[in-house]
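For reference, the structure discussed in these notes is given below.
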Amino acid sequence: MARLRCAVVGVGYLGRFHAQKYKQIEEAELIGVCDASPERAKTVADELGVPMIADYKELIGKVDAVTVASTTRTHYEIAKFFLSNGVHVNVEKPMTVTIEEAQELVQLSKSKNLKLQVGHVERFNPALQAAQEKLATPLFIECHRLAPFKPRGVDVDVVLDLMIHDIDVIMSLVKSPVKSVSAVGTPVLTKVVDIANARIEFESGTVANITASRVSQTATRKFRVFQQQQYLSIDFGAGEVSLTTKTGEWKDDQVPPLEFEQWSLEKGDALLAETKA
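Counting from 50, one number per residue, gives the positions in the sequence shown under the working numbering.
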C-alpha cells in the first residue's frame with residue numbers, strides 16, 4: 050500500500066512535534082516542512098532528514114495531506130489553499146479565528162470530499178478514553194484548565210488558546226443543542242483575554258462551567274462530571290481518573306454508602322494517536 054505523503058506547515062513549538070510524529074508512522078512519508086522562518090524550517094528539516102520547503106504553495110502535487118500548525122491567524126488562508134487544491138488537512142486548534150472562517154472550511158472540505166481534522170488532542174488522552182465507558186448522562190460539568198504564562202499562542206485570547214480543549218470535549222459528551230452561553234474574562238498580561246469563565250447551558254438541562262487561565266502559578270487540567278448517583282473526575286495532566294458512586298439509600302442523617310474507584314493511566318502519546326487518526 051502506498052504511503053501517505055505528508056508535510057507540516059509551521060514548525061514552531063507544536064509543529065515540530067507534528068513533524069516528529071509523521072516520521073514515526075509507518076503508513077506516512079514526511080516529504081518536507083515549511084515555516085515563515087527559514088532558519089526554523091531548516092533546523093527541523095535537518096533534524097528529521099527531510100527537505101525544507103520555502104513556500105507552502107510548492108507542496109501542491111507533492112503531498113496527499115498536510116498539518117497546518119502555523120500561527121492561528123494564518124490557519125484559514127493556508128487550510129483553504131490546500132483544500133482548494135485537493136489536499137487533506139489537519140489544522141491545529143483553534144481551527145480559525147472566526148466561526149465564519151471555520152464554517153467555510155468545513156463546507157469546502159465536504160464539497161471536495163476531503164478530510165478536515167482539527168487538533169483537539171485531549172480527545173486522544175488515555176484518561177478521557179478510559180473514562181468514556183463510565184460516562185452516562187452528564188448533568189453538570191466543571192472544568193479548570195490553568196497554565197503559567199508562555200509567550201506563544203498570545204495572538205488569540207485564552208478561550209481559543211486553552212478553553213477550546215474543554216469546549217470540544219464537552220460538546221462531544223453532551224448530546225444536546227446549546228441553549229445559552231454566558232462568559233466573562235479580562236486581559237492580564239496581554240492585550241486580549243488571559244483568564245475567562247464560561248457557562249454553557251444545554252437544552253437537555255446539562256450545565257457546563259469552564260474556567261481557563263494562562264496566568265496561573267501552576268498548571269492544572271481537571272475535568273469533573275456529575276451524573277445520577279456518580280461523580281467522575283479526570284486529571285488530564287496526571288493521567289488519573291476517579292469515580293465515586295452511590296451504592297445504597299441515604300437514611301436519615303447518615304452518609305450514603307459510597308464506592309470509590311481510581312485509575313492511573315500511562316500517559317501514552319495523544320499527539321501520535323491524533324496524527325494517526
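Don't be surprised by glycine CBs; every beta carbon is placed ideally from N, CA and C.
Predicted model only: the values in this text are computed from it and were never measured.
The count of Cβ pairs closer than 8 Å, one atom from the stretch 269–289 and one from the stretch 178–189, reaches three, so the stretches are in contact. The beta-bridge partner set that DSSP reports for residue 137 consists of 114. A residue is called buried when at least 16 other Cβ atoms come within 10 angstroms of its Cβ; residue 141 meets this threshold and is buried.
Going by DSSP, residue 66 is part of the alpha helix (DSSP H) stretching over 62–73.
Taking a cut-off of 8 Å for Cβ pairs, the stretch 251–266 and the stretch 198–208 touch, as three or more such pairs fall below it. The three-state secondary structure of residue 265, taken from DSSP, is coil.
The C-alpha of residue 310 is placed about 44 Å away from the C-alpha of residue 153.
Nearest to residue 242 by alpha-carbon distance, out of 249, 219, 203, is 203. Taken atom to atom, the span from the alpha-carbon of residue 257 to that of residue 215 is near 10 Å.
The C-alpha of residue 91 is placed about 20 Å away from the C-alpha of residue 127. Taking a C-beta distance under 8 Å as the contact criterion, residue 289 and residue 176 qualify as a contact pair. One Cα belongs to residue 254, the other to residue 315, and the distance between them is close to 34 Å. Collapsing the DSSP output to three states places residue 160 in a helix. The stretch 172–216 is shown to contain whole alpha helix (DSSP H) runs of 4 or more residues at 175–180, in chain order.
Going by DSSP, residue 228 is part of the beta strand (DSSP E) stretching over 227–235. Proximity of the stretch 57–66 to the stretch 77–92 meets the contact definition, three or more beta-carbon pairs being nearer than 8 Å. Considering only 234, 271, 224, 266, the residue with the shortest C-alpha distance to residue 250 is 224.
Residue 248: member of the beta strand (DSSP E) spanning 244–251, first to last residue. Under the 10 Å beta carbon count, residue 297 is surrounded by fewer than 16 other beta carbons and is classified as exposed.
Taken through DSSP and simplified to helix, strand or coil, residue 221 comes out as helix.
Per DSSP, residue 78 is one residue of the beta strand (DSSP E) stretching across 77–83.
Annotated three-state conformation of residue 304 is coil, per DSSP.
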